[in-house]
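Trainee:
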Amino acid sequence: MGTLSSELAPFADRASERPRVYADANVPAGLVAFMRHRLAWDVLFVLEEPDLRRARDSQHFRLARQLRRTLVTLDHDYLDDRAFPIRESPGVIVVTAPDERGLAVLLARLDRAVLRVTGSGTPTALPLEGRKLHVHPDWAGLSA
6 MGTLSSELAP
16 FADRASERPR
26 VYADANVPAG
36 LVAFMRHRLA
46 WDVLFVLEEP
56 DLRRARDSQH
66 FRLARQLRRT
76 LVTLDHDYLD
86 DRAFPIRESP
96 GVIVVTAPDE
106 RGLAVLLARL
116 DRAVLRVTGS
126 GTPTALPLEG
136 RKLHVHPDWA
146 GLSA
């Protein structure tokens, strides 16, 4: 028998029709609202969880994977493969833009290009598992 999250993860993948993301404390609340309401993502926002508010980045990285959620952050530290090994990645998206409007534009592009790529528009569980993606204004999308 595994942990609660390992036992429930397969059911969470099947139950959700929306991209499942884990937004760390660096993500502005307005951007979380955009993800939830405009993009219709299932967002776990750490600032709304008292036990997670002050957790270390390494804990967020592990927990995102355990909860089968793609980690969304503005924190470039997650791009360090020594501290956050790619093979253990739940899928990390580091977003960089000059302002919140620019961040929202990039997330909307990301939604179309990465998180809803199946023919039906239905998201796949952990579409970036084992990968990291740095999305910025010059981002051209995913390469094959």
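Be aware that the sequence shown starts at 6, since it is given in the working numbering, and climbs by one per residue.
For every residue, glycine included, the Cβ atom is placed at its ideal position computed from N, Cα and C.
As the structure is a prediction and not an experimental result, all values here were calculated from the model.
Please report the residue range of the beta strand (DSSP E) in which Leu138 lies.
Mentor: From DSSP, the beta strand (DSSP E) with Leu138 extends over Lys137 to Val140.
Trainee: Would the stretch 97 to 115 and the stretch 129 to 144 be scored as touching if the rule is three or more Cβ pairs under 8 Å?
Mentor: Yes, they touch.
Trainee: Closer than 7 Å by C-beta to Leu84: which residues in its own chain qualify, once you throw out the five before and the five after it? Chain order, please.
Mentor: Once the five neighbours on either side are set aside, the close Cβ partners of Leu84 are Val99, Lys137 and His139.
Trainee: Can you tell me which of Arg106, Ala102, Ala145 and Asp104 puts its alpha carbon nearest to the alpha carbon of Val119?
Mentor: It is Ala145.
Trainee: Taking Cβ positions, are Glu105 and Phe66 nearer each other than 9 Å?
Mentor: No, the pair does not count as a contact, with Cβ atoms beyond the cut-off.
Trainee: State the DSSP-derived secondary structure class of Arg70, mapped to helix, strand or coil.
Mentor: If DSSP states are grouped into helix, strand and coil, Arg70 belongs with the helices.
Trainee: Which residue spans inside the stretch 39 to 127 form an unbroken beta strand (DSSP E) run of at least 3?
Mentor: Within the stretch 39 to 127, the complete beta strand (DSSP E) runs of at least 3 residues are 47 to 50, 75 to 78 and 97 to 100.
Trainee: State buried or exposed for Arg25, treating a residue as buried only when at least 16 other CB atoms are found within 10 Å of its CB.
Mentor: Buried, because 16 or more other Cβ atoms sit within 10 Å of the Cβ of Arg25.
Trainee: Please confirm whether Ala28 and Val48 have their CB atoms less than 9 Å apart.
Mentor: Yes, they are a contact pair.
Trainee: Going by beta carbon distance, what residues of the same chain come within less than 7 Å of Leu108, once the five residues before and after it are set aside?
Mentor: So the qualifying residues of the chain are Leu36, Val100 and Ala102.
Trainee: Can you tell me whether DSSP reads Gly146 as helix, strand or coil?
Mentor: Of the three classes helix, strand and coil, the one that applies to Gly146 here is coil, per DSSP.
Trainee: If you run the structure through DSSP and keep just helix, strand and coil, what is Val32?
Mentor: Looking at Val32 - three-state DSSP - the assignment turns out to be coil, as it is neither helix nor strand.
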